[in-house]
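2 protein chains.
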Amino acid sequence: MNDPIRVGLAGLGTVGGGVAKVLHDQARALSWRAGRDIRITAVSARDARKDRVVDLAHVPFEADALALAERDDVDVVVELVGGEEGIARALVERALRGRKHVVTANKALLARHGGALAALAERHGVGLKFEAAICGGIPIVKALREGLISYDLSAVRGILNGTCNFILTQMEATRQPFAEVLAEAQRLGYAEADPTLDIGGGDTAHKLTLLTSLAFGTAPDLDGVRLTGIDRIAPADIAFAGEFGYRIKLLGVARRTPNGIEQLVNPAMVPASTPLADVESSFNAVAADAGEAGPFFFQGRGAGRGPTASAVVADLVDVARGALGPAFGRPAAELSTPRRESAEARMSAYYLRFQVLDVPGVMAEISRHLANELVSIESMIQRGRAPGEPVAIVMITHEAQHVAVLRALQAIGASGRVVEQPCMIPMEAA
Amino acid sequence: MNDPIRVGLAGLGTVGGGVAKVLHDQARALSWRAGRDIRITAVSARDARKDRVVDLAHVPFEADALALAERDDVDVVVELVGGEEGIARALVERALRGRKHVVTANKALLARHGGALAALAERHGVGLKFEAAICGGIPIVKALREGLISYDLSAVRGILNGTCNFILTQMEATRQPFAEVLAEAQRLGYAEADPTLDIGGGDTAHKLTLLTSLAFGTAPDLDGVRLTGIDRIAPADIAFAGEFGYRIKLLGVARRTPNGIEQLVNPAMVPASTPLADVESSFNAVAADAGEAGPFFFQGRGAGRGPTASAVVADLVDVARGALGPAFGRPAAELSTPRRESAEARMSAYYLRFQVLDVPGVMAEISRHLANELVSIESMIQRGRAPGEPVAIVMITHEAQHVAVLRALQAIGASGRVVEQPCMIPMEAA
Numbered sequence: 125m126n127d128p129i130r131v132g133l134a135g136l137g138t139v140g141g142g143v144a145k146v147l148h149d150q151a152r153a154l155s156w157r158a159g160r161d162i163r164i165t166a167v168s169a170r171d172a173r174k175d176r177v178v179d180l181a182h183v184p185f186e187a188d189a190l191a192l193a194e195r196d197d198v199d200v201v202v203e204l205v206g207g208e209e210g211i212a213r214a215l216v217e218r219a220l221r222g223r224k225h226v227v228t229a230n231k232a233l234l235a236r237h238g239g240a241l242a243a244l245a246e247r248h249g250v251g252l253k254f255e256a257a258i259c260g261g262i263p264i265v266k267a268l269r270e271g272l273i274s275y276d277l278s279a280v281r282g283i284l285n286g287t288c289n290f291i292l293t294q295m296e297a298t299r300q301p302f303a304e305v306l307a308e309a310q311r312l313g314y315a316e317a318d319p320t321l322d323i324g325g326g327d328t329a330h331k332l333t334l335l336t337s338l339a340f341g342t343a344p345d346l347d348g349v350r351l352t353g354i355d356r357i358a359p360a361d362i363a364f365a366g367e368f369g370y371r372i373k374l375l376g377v378a379r380r381t382p383n384g385i386e387q388l389v390n391p392a393m394v395p396a397s398t399p400l401a402d403v404e405s406s407f408n409a410v411a412a413d414a415g416e417a418g419p420f421f422f423q424g425r426g427a428g429r430g431p432t433a434s435a436v437v438a439d440l441v442d443v444a445r446g447a448l449g450p451a452f453g454r455p456a457a458e459l460s461t462p463r464r465e466s467a468e469a470r471m472s473a474y475y476l477r478f479q480v481l482d483v484p485g486v487m488a489e490i491s492r493h494l495a496n497e498l499v500s501i502e503s504m505i506q507r508g509r510a511p512g513e514p515v516a517i518v519m520i521t522h523e524a525q526h527v528a529v530l531r532a533l534q535a536i537g538a539s540g541r542v543v544e545q546p547c548m549i550p551m552e553a554a
Numbered sequence: 125m126n127d128p129i130r131v132g133l134a135g136l137g138t139v140g141g142g143v144a145k146v147l148h149d150q151a152r153a154l155s156w157r158a159g160r161d162i163r164i165t166a167v168s169a170r171d172a173r174k175d176r177v178v179d180l181a182h183v184p185f186e187a188d189a190l191a192l193a194e195r196d197d198v199d200v201v202v203e204l205v206g207g208e209e210g211i212a213r214a215l216v217e218r219a220l221r222g223r224k225h226v227v228t229a230n231k232a233l234l235a236r237h238g239g240a241l242a243a244l245a246e247r248h249g250v251g252l253k254f255e256a257a258i259c260g261g262i263p264i265v266k267a268l269r270e271g272l273i274s275y276d277l278s279a280v281r282g283i284l285n286g287t288c289n290f291i292l293t294q295m296e297a298t299r300q301p302f303a304e305v306l307a308e309a310q311r312l313g314y315a316e317a318d319p320t321l322d323i324g325g326g327d328t329a330h331k332l333t334l335l336t337s338l339a340f341g342t343a344p345d346l347d348g349v350r351l352t353g354i355d356r357i358a359p360a361d362i363a364f365a366g367e368f369g370y371r372i373k374l375l376g377v378a379r380r381t382p383n384g385i386e387q388l389v390n391p392a393m394v395p396a397s398t399p400l401a402d403v404e405s406s407f408n409a410v411a412a413d414a415g416e417a418g419p420f421f422f423q424g425r426g427a428g429r430g431p432t433a434s435a436v437v438a439d440l441v442d443v444a445r446g447a448l449g450p451a452f453g454r455p456a457a458e459l460s461t462p463r464r465e466s467a468e469a470r471m472s473a474y475y476l477r478f479q480v481l482d483v484p485g486v487m488a489e490i491s492r493h494l495a496n497e498l499v500s501i502e503s504m505i506q507r508g509r510a511p512g513e514p515v516a517i518v519m520i521t522h523e524a525q526h527v528a529v530l531r532a533l534q535a536i537g538a539s540g541r542v543v544e545q546p547c548m549i550p551m552e553a554a
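Read top to bottom, the protein sequences are chains G and B. Note that the first sequence covers residues 125 to 554 in the numbering used here. Note that the second sequence covers residues 125 to 554 in the numbering used here.
(1) Which value, in whole angstroms, describes the spacing of the CA atoms of R236 of chain G and Q525 of chain B?
(2) Which residues, in chain order, does the segment 439-454 of chain B contribute to contact with chain G at a C-beta distance below 9 Å?
(3) Is it buried or exposed for N383 of chain B, if we count other Cβ within 10 angstroms and need 16 for buried?
(4) Just grab the DSSP bridge partners of M504 of chain G for me.
(5) Just checking my contact of G261 of chain G with P431 of chain G at CB under 8 Å: how many whole Å lie between their CB atoms?
(6) For the alpha helix (DSSP H) containing A242 of chain B, name the first residue and the last one.
(7) Residues bridged to D413 of chain B by DSSP?
(8) Can you pull the chain B residues whose beta carbon is under 9 Å from the beta carbon of G302 of chain G, in chain order?
(9) Can you list the residues of chain C that K266 of chain G reaches, using a CB-CB cut of under 7 Å?
(10) Under 8 Å, do R281 of chain G and A396 of chain G count as touching if we go by C-beta distance?
(11) Locate the beta strand (DSSP E) running through Q387 of chain G, then write down its first and last residues.
(12) Which bits of chain G does F290 of chain B rub up against, with CB to CB less than 7 Å?
(13) Hey, is V146 of chain B's beta-carbon within less than 8 Å of any beta-carbon in chain G?
(14) Counting contacts by CB-CB distance shorter than 8 Å, is G424 of chain B in contact with chain G?
(15) Beta-carbon within less than 7 Å of A317 of chain B's beta-carbon, same chain only, minus the 5 sequence neighbours each way: which residues are those?
(16) In this structure, does DSSP put K373 of chain G in helix, strand or coil?
(17) Any idea what DSSP makes of E208 of chain G, helix, strand or coil?
(18) In the segment 383-400 of chain G, which residues sit with their C-beta less than 7 Å from some C-beta in chain B, listed in chain order?
(19) May I have the straight-line CA-CA distance separating T138 of chain G from D442 of chain G, to the nearest angstrom?
(20) Across which residues does DSSP place A134 of chain G in a beta bridge pair?
(21) If you compare alpha carbons, which of B:K331, B:G135, B:S466 and B:A457 is closest to T381 of chain B?
(22) Are the C-beta atoms of E209 of chain G and some chain B residue less than 8 Å apart?
(23) Count the other CB atoms, across all protein chains shown, that sit within 10 Å of the CB of E523 of chain G; report buried if there are 16 or more and exposed otherwise.
(24) Please report how far the alpha carbon of V436 of chain B lies from the alpha carbon of C259 of chain B, in whole angstroms.
(25) Is there at least one Cβ from chain B nearer than 8 Å to A151 of chain G's Cβ?
(26) Could you tell me whether the Cβ of S434 of chain B comes closer than 8 Å to any Cβ of chain G?
(27) With 16 as the cutoff for other CB atoms within 10 Å, does I472 of chain G come out buried or exposed?
(28) Under DSSP, the alpha helix (DSSP H) around H225 of chain B begins and ends at which residues?
(29) Could you tell me which residues DSSP puts in a beta bridge with Y475 of chain B?
(30) Hey, quick one: how far does the beta strand (DSSP E) through G282 of chain G stretch, first residue to last?
(31) Counting C-beta neighbours from all protein chains within 10 Å, is the total for E203 of chain B 16 or more, i.e. buried, or is it exposed?
(32) For F407 of chain B, which residues does DSSP report across the bridge?
(33) Are there three or more Cβ pairs, one per stretch, closer than 8 Å when the segment 165-180 of chain G is compared with the segment 222-230 of chain G?
(34) Could you check whether P128 of chain G and I164 of chain G sit closer than 8 Å to each other, using their CB atoms as the reference points?
(35) Below 8 Å on the Cβ atoms is my guess for L252 of chain G versus A267 of chain G; work out the distance and round it to an integer in Å.
(36) Count the other C-beta atoms from every protein chain shown that fall within 10 angstroms of the C-beta of A257 of chain B, then say buried if there are 16 or more, exposed otherwise.
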């Protein structure tokens, strides 16, 4: 058997502890797969003395994570520090420059600097692996980089944030408003104290950016993602979605269009008959069309100790057995800069909800503004008759230009009879 | 860049032609992934002169596929001949002995001889890859061998045969009997002229055998699979399943039990709320519980040119970049011989349908035989009142010993008032 591969582990929190535990518990089976032992030879963490799930007392401890990149007894650095700049970025760069492989769960870092880091890894002949950055319990990075590589993909769609999917599922089950469900999720530990990155769609955008690169061979382009969060979804929207045969999911969608690559993160109306609609609670899922290899759909756990540690360990085994290959499936120099699909060209059908005063002529006014922008209505529901009080008018449009719908909504919003900002949710194709 | 890897392609039918086309169309992108070109240097097929999707006129042709294993200009043999013995087996054995890697789509061969072939590959230091043998459009071999490797799996379930799933889906949609739907599927080319291997469950058993080995580290044990086909499913069963909140699917199930490994292929009642129940038409799917990494569910195309060619090419790229590793994820000598779960120990709830003469006392008689064997009834439906004519009595039992239910059914079947052999379908847990 070959020499052991030596791991420097930066971050001993939930995930880092999980990684150490798996490497300990499964040592024999993992060395069979890797052709060599995988040994932790140095660690770094914020608190040296904290109790760990695995006893690492015999392993050299570095107070400064960056020191892991300098140690002669480290072949691969596992970066579990997090954040798109700061220590995480410095550690990864320094490790790659020092000809050490890097395994990371850091989606923010790679979404922002993935192209440059892939080039750095290549220049120094080492691997850069990030299965844990996207849906740890689904080996989707491996599937896109090594599995479904024979035909061009046309689109990738994902439910990539468990917190948002949990909140939307709970809103549907309890009919409670967003803020209450979020507060409950925070109380239960399903949502962070500062939930901005989840509910605003930023976390989904990080993951989508990486999926886009893997699927289309483009450099990660985080700024090319158009982003809408879930905080404006009302229980009424979820109920109306059900009436129309849809469910609302926060989707990350990357698509090839005639004009370039479109990357969207937004709540979307997903047809109830499609697998994505059935993804419950905190599960993640990715669906794509792999050309002649057919459409596929993968569902699993996205985050947390087990799924993330599992993905980190899989990457470590790949590195240990020398299965490196380019980070995004092609040489960094061949990663094209994606041409961004323009917002103007974008076409979609939309769900629209207006809260209006129930007075004569309001429907005619809304219809007129939509018609002015060539937005035609496919179906409509008007509920509750309360003369003089706000009621909901809900409609689904035919396919229309995104900007045209926005212009119509602006005109409609200016009406004194429309009492709150209209809600607009794109319809996903079946 | 390294030297090209040289491929000897045995079989130029639908799949072989698809492989040649992908290697041609995607040559550049594949060489990026592989770190070298992948070149077809010799081919073999039954008919040398047939028109191909790719022009292979310049490639040396061997009338005898076995000759591919002897050629000095072949590094890897792609075996698309098929069959568990004969030329396919001889070719694979000879190639491995000649230190050539093997990529195969041959599930029958591996289900029967996989342990010995893995040992042979290992002894000669070459790779044996078979992604295309199980659900080509889902990289499930890679996922189990390289991805979800950190925690012990408890069970794997799959819809592994597109023909059977197509027939069951059609029976549900059209309410037609099995024989008619099968005939229609044959007419449309969705079922073979001799459909025995599909509808009898044999094809599912081949694939399940390989999944079991990948999931549990055991040598393939085809004879350990207990097999029931779909030919006895009646439209009435599909309708009753719906009433109870289930759908009938042909499942392959491998489970760890306290007594060993259980491998079953049979029509099963799948709860309508689970992803497996929603797998439509000719799609395949695999669901498993990867311990702390969570449950996962993958759906995609199983067979046909695109999915199978895609899987073969992915394996070729792995071989080309030197990502070999043991065929079943551990050294052949470490593949344990699975202890087979005994039929006696097996526990399950069951759906039972009896066609009985509608005369007084028949229900009492059935109940008594079940009670004698300690099989208790959870719910029951009796439909259609036609005194003296056959009617259906349908029930779902609580969990009971498999052999006890069989004994009860034998006793009930002996009654003059039961007019055909009872139908018995196990219930899958949610």
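Note that CB positions come from ideal geometry on N, CA and C, so glycine has one too.
To lay it out plainly:
(1) Counted from its first residue, the first sequence places residue 236 of chain G at position 112. Counted from its first residue, the second sequence places residue 525 of chain B at position 401. Approximately 58 Å, taken between the alpha carbons.
(2) V441, D442, R445, G446, A447, L448, G449, P450, G453 and R454
(3) For the purposes of this step, residue 383 of chain B is identified with residue 259 of the second sequence, where counting begins at 1. Flag for N383 of chain B reads exposed.
(4) Taking the first residue of the first sequence as 1, we reach residue 504 of chain G at position 380. Beta-bridge pairing links M504 of chain G to G:M519.
(5) For the purposes of this step, residue 261 of chain G is taken as residue 137 along the first sequence, with counting starting at 1. For the purposes of this step, residue 431 of chain G is taken as residue 307 along the first sequence, with counting starting at 1. Yes, G261 of chain G and P431 of chain G are in contact; Cβ-Cβ is about 4 Å, under 8 Å.
(6) Along the second sequence, one-based indexing puts residue 242 of chain B at 118. K231 to R247 is the span of the alpha helix (DSSP H), which, as asked, contains A242 of chain B.
(7) By 1-based counting over the second sequence, the position of residue 413 of chain B is 289. According to DSSP, which records beta bridges pairwise, D413 of chain B is partnered with B:P419.
(8) Stepping through the first sequence from its first residue, residue 302 of chain G is reached at position 178. Gly is not the amino acid found at residue 302 of chain G; the sequence shown has Phe there. Listed along chain B, no residue sits closer than 9 Å to F302 of chain G by beta-carbon distance, the nearest being about 26 Å off.
(9) No chain C appears in the structure shown, which is made up of the protein chains G and B.
(10) Position 157 of the first sequence holds residue 281 of chain G. Position 272 of the first sequence holds residue 396 of chain G. No. Outside cutoff.
(11) Start at 1 with the first residue of the first sequence, and residue 387 of chain G comes out as number 263. That run of the beta strand (DSSP E) goes G384 to P395.
(12) Walking along the second sequence from the start, residue 290 of chain B turns up at place 166. Chain G residues near F290 of chain B: none, gap ~14 Å exceeds 7 Å.
(13) In the second sequence, the residue the question calls residue 146 of chain B occupies position 22. For V146 of chain B, the answer is yes, since a Cβ of chain G falls inside 8 Å of its Cβ.
(14) Position 300 of the second sequence, counted from the first residue, corresponds to residue 424 of chain B. Yes - at least one Cβ of chain G is within 8 Å of the one on G424 of chain B.
(15) Here residue 317 of chain B corresponds to residue number 193 of the second sequence, with the count starting at 1. If we look at A317 of chain B and ignore the five residues flanking it on each side, its Cβ neighbours are Q310.
(16) Taking the first sequence and counting its residues from 1, the one referred to as residue 373 of chain G is at position 249. In this structure, K373 of chain G counts as strand in the three-state DSSP scheme.
(17) Working through the first sequence from its first residue, we reach residue 208 of chain G at position 84. If DSSP states are grouped into helix, strand and coil, E208 of chain G belongs with coil.
(18) Answer set for the segment 383-400 of chain G: P399.
(19) Locating residue 138 of chain G in the first sequence gives position 14, where the first residue counts as 1. Locating residue 442 of chain G in the first sequence gives position 318, where the first residue counts as 1. Spanning the two alpha carbons is a distance of roughly 22 Å.
(20) On the first sequence, residue 134 of chain G is found 10 positions in, with the first residue counted as 1. Paired residues: G:S168 and G:E203.
(21) Within the second sequence, residue 381 of chain B is the residue found at index 257, counting from 1. Of B:K331, B:G135, B:S466 and B:A457, the residue nearest in Cα terms is B:S466.
(22) If you number the first sequence from 1, residue 209 of chain G lands on position 85. No, E209 of chain G lies away from the interface with chain B (no Cβ there is under 8 Å from its Cβ).
(23) What you label residue 523 of chain G is simply residue 399 of the first sequence in a count that begins at 1. Burial call: exposed.
(24) By one-based count along the second sequence, residue 436 of chain B stands at place 312. By one-based count along the second sequence, residue 259 of chain B stands at place 135. One C-alpha to the other measures close to 12 Å.
(25) Translated into positions along the first sequence, residue 151 of chain G becomes position 27. No - not a single Cβ of chain B is within 8 Å of the one on A151 of chain G.
(26) Here residue 434 of chain B refers to the residue found at position 310 of the second sequence. Output row for S434 of chain B: interface = yes.
(27) Numbered from its first residue, the first sequence carries residue 472 of chain G at position 348. The residue you asked about is not Ile; residue 472 of chain G is Ser in the sequence shown. S472 of chain G should be labelled buried.
(28) Counting from 1 along the second sequence, the entry for residue 225 of chain B is found at position 101. It is not in any alpha helix (DSSP H) - H225 of chain B instead sits in the beta strand (DSSP E) that spans H225 to T228.
(29) Position 351 of the second sequence holds residue 475 of chain B. Answer by DSSP bridge pairing, in chain order: B:I520 and B:I549.
(30) In the first sequence, counting from the first residue as 1, residue 282 of chain G sits at position 158. Here the beta strand (DSSP E) through G282 of chain G covers A279 to I283.
(31) As a working note, residue 203 of chain B is residue 79 in the second sequence. So E203 of chain B ends up on the buried side.
(32) As a position in the second sequence, residue 407 of chain B is number 283, starting the count at 1. Partner(s): B:R425.
(33) no
(34) For the purposes of this step, residue 164 of chain G is identified with residue 40 of the first sequence, where counting begins at 1. For the purposes of this step, residue 128 of chain G is identified with residue 4 of the first sequence, where counting begins at 1. The answer is no: Cβ separation not under 8 Å.
(35) The residue labelled residue 252 of chain G in the question sits at position 128 within the first sequence. The residue labelled residue 267 of chain G in the question sits at position 143 within the first sequence. At roughly 18 Å, the Cβ-Cβ gap does not stay under 8 Å, so L252 of chain G and A267 of chain G are not in contact.
(36) For the purposes of this step, residue 257 of chain B is taken as residue 133 along the second sequence, with counting starting at 1. So A257 of chain B counts as buried.
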